[in-house]
Amino acid sequence: MEKEESKSGVKEYWIVDPEGKTVLIYTLTQGKYSASRWMTEGDLAKSSVLSGFELDLDEFFKDT
Numbered sequence: 001m002e003k004e005e006s007k008s009g010v011k012e013y014w015i016v017d018p019e020g021k022t023v024l025i026y027t028l029t030q031g032k033y034s035a036s037r038w039m040t041e042g043d044l045a046k047s048s049v050l051s052g053f054e055l056d057l058d059e060f061f062k063d064t
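Counting from 1, one number per residue, gives the positions in the sequence shown under UniProt numbering.
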């Protein structure tokens, strides 16, 4: 699956687990995806692709 994303030009994708209240961000670097650390409530997830985009995970998961 990752090969399809990298060939399509997907520079970053996020895996969100609403039950576990976690987020993992994969970023394309030199043709390969590298994963961030697992983020959870209390963290601020930031995109390396969308300048200025931040997601407050406390706010994001508050109703789950």
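Backbone N, C-alpha and C define an ideal beta-carbon position, used for all residues, glycine too.
One or two residues paired with residue i in a DSSP bridge
i, result
"residue 22", "17, 40"
"residue 34", "27"
Cβ-Cβ distance between residue i and residue j below 8 Å
i, j, result
"residue 57", "residue 40", "yes"
"residue 27", "residue 11", "yes"
"residue 36", "residue 25", "yes"
DSSP state of residue i mapped onto helix, strand, coil
i, result
"residue 56", "strand"
"residue 48", "coil"
Exposure label - residue i; buried when at least 16 CB within 10 Å
i, result
"residue 23", "buried"
Inter-residue CB distance, residue i and residue j (contact presumed, cutoff 8 Å)
i, j, result
"residue 64", "residue 21", "6 Å"
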